[in-house]
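What follows is a short report on a single structure.
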Amino acid sequence: MTKREIVLHEFLKDPLLIQRGYLPKREVIDIEVTSPYKMVELIKTVVNAKDKKESDNAVRAAVNRFLNSTT
Amino acid sequence: MIIKSIKLTNFQCYSGNNNYFEFKEGLNVIIGDNSAGKSKLYDAFTWALFDECFETESSKTKTTSVFRSHLISDKAKHLAAIGEKITTEVSLVFYRKVNNKDEEISVKRTYSIVKKAAMEWDAPHHSELEISKKDLSLQQVTKVQGDPKDYINENLLPLDIRPYTWFQGEQVNNLIDFENKMALTKAINVLSDISEYKYYVEFATQALKEVQNEVISEASRAGKAKKALDKLVGTRQTDEERIERLQNDLLEAEKNWAYAHKRVNELLGQVENATKISGLQQKLSDIQHRVTTKEKILDTLKMQFHKHLFTKYWILRNVSSLTDEYAQKFEAYQQTKLQQIADKKALEKFTTQFEGNITQTFLENLIQADPNLAYFNQMLEQEHCLVCDRHAPTESEPWMAIKKMLDRASTKTVQQLSQPMPLNQDFQPVFYQLHKTGLRLQGKAADIDDVIQLELSTKQDLIEDIKLEKIKAKNTSDAIEHLVSGSNITIENSLNIGRDYTDFTKKLSTFAQIKEQKQTELKNAKKVLEKTISEIADITKGKTPLFLQEKVKLLTDFKDITESTEKRVFENLIRTLEAKANTHFLSMTAGNQGVKGRIQLVKKEGYYMPQNVDAKGNELANINASNIILIKMAVLLAIISAKEDSNATQLYTLITDAPSSTFGENYTLGFCKTVSQVYKQSIIMSKDFLANKILQDGLLNSKQVPKLGNVYLIQPSITESDRSDRNTLSTNIQKMN
Chain A
1 MTKREIVLHE
11 FLKDPLLIQR
21 GYLPKREVID
31 IEVTSPYKMV
41 ELIKTVVNAK
51 DKKESDNAVR
61 AAVNRFLNST
71 T
Chain D
1001 MIIKSIKLTN
1011 FQCYSGNNNY
1021 FEFKEGLNVI
1031 IGDNSAGKSK
1041 LYDAFTWALF
1051 DECFETESSK
1061 TKTTSVFRSH
1071 LISDKAKHLA
1081 AIGEKITTEV
1091 SLVFYRKVNN
1101 KDEEISVKRT
1111 YSIVKKAAME
1121 WDAPHHSELE
1131 ISKKDLSLQQ
1141 VTKVQGDPKD
1151 YINENLLPLD
1161 IRPYTWFQGE
1171 QVNNLIDFEN
1181 KMALTKAINV
1191 LSDISEYKYY
1201 VEFATQALKE
1211 VQNEVISEAS
1221 RAGKAKKALD
1231 KLVGTRQTDE
1241 ERIERLQNDL
1251 LEAEKNWAYA
1261 HKRVNELLGQ
1271 VENATKISGL
1281 QQKLSDIQHR
1291 VTTKEKILDT
1301 LKMQFHKHLF
1311 TKYWILRNVS
1321 SLTDEYAQKF
1331 EAYQQTKLQQ
1341 IADKKALEKF
1351 TTQFEGNITQ
1361 TFLENLIQAD
1371 PNLAYFNQML
1381 EQEHCLVCDR
1391 HAPTESEPWM
1401 AIKKMLDRAS
1411 TKTVQQLSQP
1421 MPLNQDFQPV
1431 FYQLHKTGLR
1441 LQGKAADIDD
1451 VIQLELSTKQ
1461 DLIEDIKLEK
1471 IKAKNTSDAI
1481 EHLVSGSNIT
1491 IENSLNIGRD
1501 YTDFTKKLST
1511 FAQIKEQKQT
1521 ELKNAKKVLE
1531 KTISEIADIT
1541 KGKTPLFLQE
1551 KVKLLTDFKD
1561 ITESTEKRVF
1571 ENLIRTLEAK
1581 ANTHFLSMTA
1591 GNQGVKGRIQ
1601 LVKKEGYYMP
1611 QNVDAKGNEL
1621 ANINASNIIL
1631 IKMAVLLAII
1641 SAKEDSNATQ
1651 LYTLITDAPS
1661 STFGENYTLG
1671 FCKTVSQVYK
1681 QSIIMSKDFL
1691 ANKILQDGLL
1701 NSKQVPKLGN
1711 VYLIQPSITE
1721 SDRSDRNTLS
1731 TNIQKMN
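From first to last, the protein sequence lines are chains A and D. Residue numbers for the first sequence follow the working numbering, beginning at 1 and rising by one. Residue numbers for the second sequence follow the working numbering, beginning at 1001 and rising by one.
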């Protein structure tokens, strides 16, 4: 597993995702495929941008783009 | 990556250019006694890569600019001619496989001086470093461009990993410092990916803040409670700044407290011995003072005794014999005088008696003349007195009178009788007085031996006393020496330790109060900030567009998820670490009954610290120093090995000098076994295998160490005890397997 995959899996294992209604119970997420879950996609956006060694500003811009497109 | 070899030329005790060590994967061991060159070999590694050597006096690493000519072998310097250039060089060769290509990286550090006079050098402040790469398939060598420090940090050994992979035995204690709650966290941060998660927490916090600001701007733009919002935003800014300041203050207070706590605990271990040493030192000083005083008294006593001998005792002793002699003579004088008086009386009587028959003149003539005694004998024999010409029959009165005169004349001459001692001046009362005084002095003179004896015995007692004091001083001094050698406390700093202990105990209490105060202030400041944020939220609630509200909600939850994930990952890492640490701990201590319990990483005030606990998880009290070091060493190995995908144990070689110096040779083989399992390559310098043949056999022959690389024995050409100087010192290197 790459560092990106490890980090993504760790985030997606967090119980708060289910507790706060971002994920239904027992949903298996394929991190390589776009999911319908906003929080999952937000996490993926941040982790992927960071993995590409983008600057903090670039990561922020990616998040803003994602948020503006989904909210 | 592994280290293939190291070559030392004229580096410290490694004189000449024939000092070469080759290393393999697995455990490589350099065996050598104290002062054989183990630490200098360790220095060669750190000097080559980081331009640092260990300075014993300060217990710190120093650069070339400090050591200068001392870096170079004394033998090489001694043999060099005036004006000759002498160079030391350490070459390290690393091997690695990059993209299926075999590659060697050579690191070569050199330093040269010029001999100006016998002990004078032209020694620059800096050394030269050269790094080159060699493609082994093409046999092509290229010099590495750019800053060599950066290259080393990025490719050979990162600076933050270095303390955990290259260390001396005595440094282990500080690497995982039980008193510094940040130590384990810091090590975990360095050697794991946990910092990655911290990045997401910080990112999420910042993103949330930005969107909150967006909400405020939106609300302000809409003119909704603009003044109140502006004021609250200002308050929030102030609150945040205050929190940041308090966090820094708290961090500072915690650091101070941790340092004071560490010092108190360090000093606590020393204070008992230091108190004993300073107590003994005081005792020694008192004894020495007493000895000095008593020696002065003894000197005075000796001088007094000699003076008394001359002025009193010898005189009195002489007086004793003089008075005896005088008494005899005075007695004789008295006798003579009495005799004279008696004789005078007898003569007067005799004169009176013979006055009728013999004229006074005749008598005087008779007496004054030197009478011939033969006449008296003749008179007695003839029974006839020639003086009065009368018959004097034997035993008759005239015959007896003649006989008496003959007897008297036989003892004293008539002349003597008729000429008494001149007694014109009567010295008798003076002589008598002298006699009396002599008698009195004689009384004293009779005691003089006792007086001398008493004085001599006082002197002897004092000498014995001084002897005893000196024995006490010697015993005290030995006791101090014993304590000093066993505790690493010098006599000079024994007093400081007691003082420092008191100071740091006070500081500890002060810092604890400051820490508590800052914690409370921080807690309150956070509450104030929460209130401000809540007030901002109240004002903006329902007055901001939905998309913004949704953004805030999403980012708030994102922040919570990043925090929760970071915490979970960290705690999982801690549990993995704990399991690994226990595996290493068991492996290192296998077969040793002295080691108890297991390691538990316990959370204290938000930080994790290793603890030695029993099966029920209760902390074990009074664990010995070896146990503590082994726990630290196990945790250290666990930190490096726990995160297997980080490849730290594969990428970097463990190099350690005298690792067992702090935990003892009972665990040396266990440590070697564990290290050889954890690290792809390790290089260990140790003296334990030298004298202990069981250990040596365990290392070389019994295959107890799974991956054994090369084993070398290093020996100095002259043992330390035989070194009057180091001008001929070199190091013999012998491969043992």
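All C-beta atoms in this analysis are idealised placements derived from N, C-alpha and C, irrespective of residue type, glycine included.
| query | result |
| --- | --- |
| Whole-number beta carbon distance between L1284(D) and T1476(D), since they are thought to touch under 8 angstroms | 5 angstroms |
| Closest by C-alpha distance to K1603(D), when choosing among A1327(D), E1578(D) and C1013(D) | E1578(D) |
| Among L1027(D), K1007(D), N1018(D) and M1001(D), nearest to K1703(D) - alpha-carbon criterion | L1027(D) |
| Complete alpha helix (DSSP H) runs within the region 1564–1648 of chain D (minimum length 4 residues, chain order) | 1625–1642 |
| Within chain A, partners of A1207(D) - CB distance below 7 angstroms | R60 and V63 |
| Coarse secondary structure for V1705(D), derived from DSSP in three states | coil |
| Chain-ordered residues of the region 1557–1569 of chain D with a beta carbon less than 8 angstroms from chain A | D1557, F1558, D1560, I1561, T1562, S1564, T1565, R1568 and V1569 |
| Heavy atom of the ligand GDP within 7 angstroms of K1133(D) beta-carbon | With respect to small molecules bound, the structure shown includes none, and the ligand GDP cannot be examined in it. |
| L1347(D) to L1456(D) span [Cα, whole Å] | 60 angstroms |
| M1119(D) - DSSP class collapsed to helix/strand/coil | coil |
| CB contact below 8 angstroms: E1196(D) versus chain A | yes |
| Alpha-carbon spacing of S1686(D) relative to P1659(D), whole angstroms | 7 angstroms |
| Rounded C-alpha distance that separates R1568(D) from Q1677(D) | 29 angstroms |
| Per-residue DSSP class, three states only, for N1028(D) | strand |
| Closest Cα partner of V1675(D) within the set L1620(D), I1463(D), N1592(D) and T1583(D) | T1583(D) |
| Proximal residues to A1260(D) (C-beta, below 6 angstroms), its chain only, five neighbours per side dropped | F1504, K1507, L1508 and F1511 |
| Proximity test, Cβ basis, 8 angstroms: K38(A) and chain D | yes |
| Helix, strand or coil at M1685(D) [DSSP, three-state] | strand |
| Minimum Cβ-Cβ distance from D72(A) to chain D less than 8 angstroms | An answer regarding residue 72(A) cannot be provided, because it is not within the stretch 1 to 71 covered by chain A. |
| E41(A) at chain D interface by Cβ criterion, 8 angstroms | no |
| CB contact below 8 angstroms: K1101(D) versus chain E | No chain E appears in this structure, whose protein chains are A and D. |
| K1052(D) and N1710(D) closer than 8 angstroms at C-beta | Looking at the sequence itself, residue 1052(D) is Glu, so the reference to Lys does not match. The answer is no: Cβ separation not under 8 angstroms. |
| Per-residue DSSP class, three states only, for R1096(D) | strand |
| Closest by C-alpha distance to I1152(D), when choosing among I1131(D), I1243(D), K1024(D) and N1732(D) | I1131(D) |
| Residue-chain proximity (K1541(D), chain A), Cβ-Cβ < 8 angstroms | no |
| Exposure of L1737(D), with buried meaning 16 or more beta-carbon neighbours within 10 Å | According to the sequence as given, residue 1737(D) is Asn; it is not Leu. It is exposed - the Cβ of N1737(D) has fewer than 16 other Cβ atoms within 10 Å. |
| CA nearest to the CA of K1149(D), picked from K1108(D), Q1171(D), E1530(D) and K1209(D) | K1108(D) |
| Pick from W1399(D), E1241(D), R1242(D) and I1188(D) that is closest to M1609(D), judged by C-alpha positions | I1188(D) |
| Against chain A: residues of the region 1032–1046 of chain D by CB proximity under 7 angstroms | none |
| Beta-carbon spacing of L1573(D), S1192(D) below 8 angstroms | yes |
| Inter-residue Cα distance where the pair is A1225(D) and E1214(D) | 15 angstroms |
| Minimum Cβ-Cβ distance from E10(A) to chain D less than 8 angstroms | yes |
| Paired residues, beta bridge with H1384(D) - DSSP | H1391(D) |
| Residues from the region 14–26 of chain A in contact with chain D, defined by Cβ distance under 9 angstroms | D14, P15, L16, L17, R20 and Y22 |
| S1724(D), buried or exposed, once every other Cβ within 10 Å from all chains shown has been counted against 16 | exposed |
| Residue closest to S1059(D), alpha-carbon to alpha-carbon, out of Y1607(D), Q1304(D), K1262(D) and Q1168(D) | Q1168(D) |
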